[in-house]
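**Student:** Input: one structure, supplied below.
There are 2 protein chains.
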Amino acid sequence: MGDLSELELVVLGIVWKRGPCTPYAVRKEFATSPSSHWSGSAGSIYPLVRRLERRGYLRSRRESQGRRARRTYTITRRGTAALRRWVCPPLPDEAAAITYDPIRTRMYFLGIVPPDRQSGFLAEAEAALRRQIRVVQAECARYAGLGDTFSHLAMTGALRIMRARIAWLANARKSLGCMTV
Amino acid sequence: MGDLSELELVVLGIVWKRGPCTPYAVRKEFATSPSSHWSGSAGSIYPLVRRLERRGYLRSRRESQGRRARRTYTITRRGTAALRRWVCPPLPDEAAAITYDPIRTRMYFLGIVPPDRQSGFLAEAEAALRRQIRVVQAECARYAGLGDTFSHLAMTGALRIMRARIAWLANARKSLGCMTV
DNA sequence: CCGCTCATGTAACTGGTTACATGATTTA
DNA sequence: TAAATCATGTAACCAGTTACATGAGCGG
Chain A
13 MGDLSELELV VLGIVWKRGP CTPYAVRKEF ATSPSSHWSG SAGSIYPLVR
63 RLERRGYLRS RRESQGRRAR RTYTITRRGT AALRRWVCPP LPDEAAAITY
113 DPIRTRMYFL GIVPPDRQSG FLAEAEAALR RQIRVVQAEC ARYAGLGDTF
163 SHLAMTGALR IMRARIAWLA NARKSLGCMT V
Chain B
13 MGDLSELELV VLGIVWKRGP CTPYAVRKEF ATSPSSHWSG SAGSIYPLVR
63 RLERRGYLRS RRESQGRRAR RTYTITRRGT AALRRWVCPP LPDEAAAITY
113 DPIRTRMYFL GIVPPDRQSG FLAEAEAALR RQIRVVQAEC ARYAGLGDTF
163 SHLAMTGALR IMRARIAWLA NARKSLGCMT V
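Protein sequence lines, in the order shown, are assigned to chains A and B.
Sequential numbering of the first sequence, starting at 13, is according to our numbering.
Sequential numbering of the second sequence, starting at 13, is according to our numbering.
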């Protein structure tokens, strides 16, 4: 039960949401997602779905479309149960832990750069976030249009976090500005 | 230059901040950190610092304290330069990308659980975040007390994100509540 | 017909994890 | 003095990445 990795569960979830689909479709989902946590590379997905099938979480069917062989995967009852068990409480403690933020990681060591370049870092990070936020907003609107409530809800969460990061940087810029002036 | 992993750079940063220190002290830094992104396991840190020394980013000295042999590491000029280069702009795009959030990941697939248990998930997640936030607040105060401006600033960023996640869940609870009632 | 994207895979590598081993030092 | 913890390491493993190989179908 606890033998499924986070990526495996996400793939299970994607197959559950989309219904019968090819590994390639799953990969595209990762490729178009604004998150870069998983690459969804062929080297991860193809072995993964076969692994899931071998363990009974997925079932596959060969369906030749034209002369082209392709394999579509469907979630099994066992897969659905595993997915539900993962989503439902109890939530492991680390799920609520501090999330990883590369900008924050750099912030710890910002003292190493000369003070006149510190605000440059903050400004650039803020600008990068503002660029990214538009992508997320678009994705948010797309899900709303599709009527996918939960994906939409998830995206609003991502949006809120990005806005919090921007506000944080703006505030940091002010408090550092006070120090150096 | 770009041959250093994120973890290697963070370790470099820790050694820079604390001055000469043992791998064990570095490990403790990871162990006490409220973030669980890296475990800071012996198996990662000990080989890592030796790797950094071999490449000239760290220098080490054997100093026997009592009968006990220990090795303290110091950052070299090369190490300092690498760290500064990493912190400074230009920031890679993925640094501003959506961060990974295990609660959000689950949210995508929340439709798989029966509607009467969905709000349970949201409530539990919110409660877990509220528990965690106290830890972060304490850490925040600790850094403020130490006068470590940048670590404190980093922590306030983490705090803002956690608050944003809580607000997001509270809002989700409301919008799902409307649907099911 | 050439090049691009679709689509399915494999192989080698790698960074980090878990688990284990060992001995010194401190504390009950 | 026994147990706990400090401290330094090693070895095996593993999930996921990068890079490569292959071929179908399609648009210019």
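We put the CB at the ideal spot given by N, CA and C, even for glycine.
Taking 8 angstroms as the threshold (beta carbon to beta carbon), is A182 (chain A) in contact with chain B?
**Tutor:** Taking Cβ atoms only, chain B never reaches closer than 8 angstroms to A182 (chain A), which makes this a no.
**Student:** Could you have a look at C152 (chain A) and say whether DSSP puts it in helix, strand or coil?
**Tutor:** Helix at C152 (chain A).
**Student:** For a contact meaning CB atoms closer than 8 angstroms, what does A109 (chain B) contact in chain A?
**Tutor:** Simply P46, S47, S48 and Q144.
**Student:** Rounded to whole angstroms, what is the Cα-Cα separation between A137 (chain B) and A108 (chain A)?
**Tutor:** For A137 (chain B) and A108 (chain A), the distance between alpha carbons rounds to 7 angstroms.
**Student:** What residues of chain B sit near G123 (chain A), judged by a beta carbon separation below 7 angstroms?
**Tutor:** Neighbours of G123 (chain A) on chain B, chain order: F162.
**Student:** If I measure Cβ to Cβ from L181 (chain B) and keep anything under 8 angstroms in the same chain, skipping five residues before and after, which residues do I get?
**Tutor:** Around L181 (chain B): I115, L134, A137, E138 and L141.
**Student:** Let me check understanding here. Comparing Cα to Cα, which of B:H49, B:G91 and B:S72 lies closest to A81 (chain B)?
**Tutor:** The candidate whose alpha carbon is nearest that of A81 (chain B) is B:S72.
**Student:** In whole angstroms, what separates the C-alpha of G91 (chain B) from that of R129 (chain B)?
**Tutor:** Roughly 52 angstroms between the two C-alpha positions.
**Student:** Taking Cβ positions only, does D15 (chain B) come closer than 8 angstroms to chain A?
**Tutor:** No, because no Cβ of chain A sits closer than 8 angstroms to the Cβ of D15 (chain B).
**Student:** Which residues of chain A have a Cβ atom closer than 8 angstroms to the Cβ of V148 (chain B), listed in chain order?
**Tutor:** Those within 8 angstroms of V148 (chain B) in chain A are I110.
**Student:** Within 8 angstroms (strictly less), CB to CB, does T86 (chain A) reach chain B?
**Tutor:** False, the Cβ-Cβ gap to chain B never drops below 8 angstroms.
**Student:** Could you give the first and the last residue of the continuous beta strand (DSSP E) run that contains S56 (chain B)?
**Tutor:** Note, S56 (chain B): premise wrong, no beta strand (DSSP E); alpha helix (DSSP H) at A54 to R66.
**Student:** What does DSSP give as the partner residues of R73 (chain B) in its beta bridges?
**Tutor:** Answer is B:T84, bridged to R73 (chain B).
**Student:** Distance check for L95 (chain A) and S48 (chain A), CA to CA, integer angstroms please.
**Tutor:** Rounded to the nearest angstrom, the two C-alpha atoms are 22 angstroms apart.
**Student:** For a contact meaning CB atoms closer than 8 angstroms, what does V99 (chain B) contact in chain A?
**Tutor:** Within 8 angstroms Cβ-Cβ: R118, F121, L122, I124, V125 and F133.
**Student:** Using CA atoms only, rank isn't needed, just tell me which of B:I124, B:R89, B:W50 and B:I173 is closest to Q144 (chain B).
**Tutor:** It is B:I173 whose Cα lies nearest to the Cα of Q144 (chain B).
**Student:** Return yes when the Cβ of T117 (chain B) is within less than 8 angstroms of the Cβ of P32 (chain B), no when it is not.
**Tutor:** Cβ atoms of P32 (chain B) and T117 (chain B): not closer than 8 angstroms.
**Student:** Within the 8 angstroms Cβ cut-off, does R185 (chain B) reach chain A?
**Tutor:** Answer no: the Cβ-Cβ gap between R185 (chain B) and chain A never drops below 8 angstroms.
**Student:** In whole angstroms, what is the alpha-carbon distance linking T86 (chain B) and P104 (chain A)?
**Tutor:** Straight-line Cα distance between these residues: approximately 37 angstroms.
**Student:** Verify the CB distance criterion: does P59 (chain B) have a CB-CB separation below 8 angstroms to chain A?
**Tutor:** No, P59 (chain B) lies away from the interface with chain A (no Cβ there is under 8 angstroms from its Cβ).
**Student:** Do A37 (chain A) and I110 (chain B) have their beta-carbon atoms positioned less than 8 angstroms apart in this structure?
**Tutor:** No, they are not a contact pair.
**Student:** Does the beta-carbon distance from Y120 (chain A) to A166 (chain B) come in below 8 angstroms?
**Tutor:** Yes.
**Student:** Note down, in chain order, each residue of its chain lying with its Cβ closer than 8 angstroms to the Cβ of L21 (chain A), except the 5 sequence neighbours on either side.
**Tutor:** Same-chain partners within the cutoff: A94, L95 and W98.
**Student:** I'd like the span of the alpha helix (DSSP H) that includes I26 (chain A), first residue to last.
**Tutor:** E18 to R30 is the extent of the alpha helix (DSSP H) around I26 (chain A).
**Student:** Determine the closest residue to S45 (chain A) out of B:G189, B:G159, B:E106 and B:A179, with distance taken between C-alpha atoms.
**Tutor:** Nearest C-alpha to S45 (chain A): B:E106.
**Student:** Run down chain B in chain order and give the residues with a C-beta less than 8 angstroms from the C-beta of D113 (chain A).
**Tutor:** Near D113 (chain A) (Cβ distances below 8 angstroms), the residues of chain B are T111, G169, A170 and I173.
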